[in-house]
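Reading the sequence shown from the start, the letters are residues 338 to 486 in my numbering.
Built from N, CA and C at the ideal position, the CB exists for glycine as well.
Here is the structure we will look at.
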Amino acid sequence: MRRRHRMVTYRGRVTETRYEWRGDFANHEVNAIHAEAFEHRLIDDDWRSITERHSLGWVTAREGDALVGFANVVWDGTVHAWLQDVMVASAARRRGIGLAMIGLATERAKAGGCEWLHVDFDNDLRPFYFDAAGFVPTNGGLIDLTRVD
338 MRRRHRMVTY RGRVTETRYE WRGDFANHEV NAIHAEAFEH RLIDDDWRSI TERHSLGWVT
398 AREGDALVGF ANVVWDGTVH AWLQDVMVAS AARRRGIGLA MIGLATERAK AGGCEWLHVD
458 FDNDLRPFYF DAAGFVPTNG GLIDLTRVD
């Protein structure tokens, strides 16, 4: 499913961003944007297999041929979905791409029968998720499994 072709003026140029639910992507594209977004070394994960096995779907954002955004929606197979790995290339940030991807992910999760969309994030992203994207705070918990013997 394709969505919104948005024309945005960015630094003196007009940019068309295309959003697609379950859009095509290559592993190297997602690995590159993931390394940049989460500030780690480039790794060689098989995103295609991961998303096909565990995801309700995902959103791709492209400008021309370039992947500039990706958001994964994993689920429990019934009513709960989780937004994972929301990432926007640094050169494309602060133009509404993340919000547009979350909007499409929300619509498609609801259309897929989900009743809840969960997300977790670092503290510096609270204004984005709570103020801009419409999420509300809930109780949650986390165990850092790298610290468990």
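Between the alpha carbons of V456 and W419 lies a gap of roughly 6 angstroms. Burial is judged here by how many other beta carbons sit within 10 angstroms of a residue's own beta carbon; A448 has fewer than 16 and is exposed. The beta-bridge partner set that DSSP reports for L462 is empty.
Put simply, the segment 384 to 394 does not touch the segment 426 to 439. Fewer than three CB pairs are less than 8 angstroms apart.
If you draw a 10 Å sphere on the C-beta of T354, you find 16 or more other C-beta atoms in it, and that means buried.
Taking C-beta separations shorter than 7 angstroms and ignoring five residues to either side along the sequence, the partners of T443 in its chain run L454, following chain order.
Membership of N476 in any alpha helix (DSSP H) is not indicated, and neither H nor E is assigned to it by DSSP. The bridge partners DSSP lists for G435 come to none.
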